[in-house]
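Everything on this sheet refers to the single structure shown next.
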Amino acid sequence: ADGKFREDLYYRLNVLEIDIPPLRNRKEDIPLLVDFFLERYSLRPVRFDPEALATLVKYPFPGNVRELEHVIQRTVTMARGPVVRMADLPAEMRYHKASEQGNLADRLEAMERDMILAALEKNAWVQTRAAESLGISERVLRYKMGKHSIKKN
Numbered sequence: 026a027d028g029k030f031r032e033d034l035y036y037r038l039n040v041l042e043i044d045i046p047p048l049r050n051r052k053e054d055i056p057l058l059v060d061f062f063l064e065r066y067s068l069r070p071v072r073f074d075p076e077a078l079a080t081l082v083k084y085p086f087p088g089n090v091r092e093l094e095h096v097i098q099r100t101v102t103m104a105r106g107p108v109v110r111m112a113d114l115p116a117e118m119r120y121h122k123a124s125e126q127g128n129l130a131d132r133l134e135a136m137e138r139d140m141i142l143a144a145l146e147k148n149a150w151v152q153t154r155a156a157e158s159l160g161i162s163e164r165v166l167r168y169k170m171g172k173h174s175i176k177k178n
């Protein structure tokens, strides 16, 4: 009750020590874990395209397996189709990929795409309102949607 762990209980429980390295040191496990979590969380057949899977494998996963599990759960829920693409991955993973390449232009493109998608979703895909919220014309919005292959599914 005073916040201390009983020493004798510690030695009773400390029979076997298991060392599990962090996920960032077990990159080869990521595709297997992705398949496991896809099977667990997807209500329909879903698979990752090679680029999206490669991005997951390269990501450092500071939250370890639990973070990967949550990413898969969120991605499967939000994916626009049966194939998870780069655009379906969380922004921090896409930005990590772009920053890994050290290319500012790629990072800015990913951020622009995310902002456009967020504005469209926030405004129920009404392009006039989305363009207003972004401070651009509807014509520019349509151009950028084409450039980033953004379509309402």
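Under my numbering, the first residue of the sequence shown is numbered 26, with each subsequent residue one higher. All C-beta atoms in this analysis are idealised placements derived from N, C-alpha and C, irrespective of residue type, glycine included.
When DSSP states are grouped into helix, strand and coil, Arg51 belongs to the coil group. Across the structure, Met111 and Arg72 are spaced so that their CA atoms are roughly 12 Å apart. The Cβ atoms of Val101 and Tyr66 lie closer than 7 Å to each other.
Straight across, the Cα-Cα distance linking Asn148 with Asp60 is about 34 Å. Nearest Cα to Glu64 within the set Gln98, Asp113, Arg154: Gln98. Here the alpha carbon of Gly171 sits roughly 19 Å from the alpha carbon of Gly106. For Ile141, the enclosing alpha helix (DSSP H) begins and ends at 129–147. About 22 Å separates the CB atoms of Leu68 and Val90; that is not less than 8 Å, and the two are not in contact. Residue pairing of Arg65 in beta bridges, as defined by DSSP: absent, with no partner found. With a cutoff of 7 Å on beta-carbon distance, Ala156 and Glu146 are scored as not near each other. Shown here for Leu142: same chain residues with a beta carbon closer than 7 Å to its own, the five before and five after excluded, namely Ile175 in chain order.
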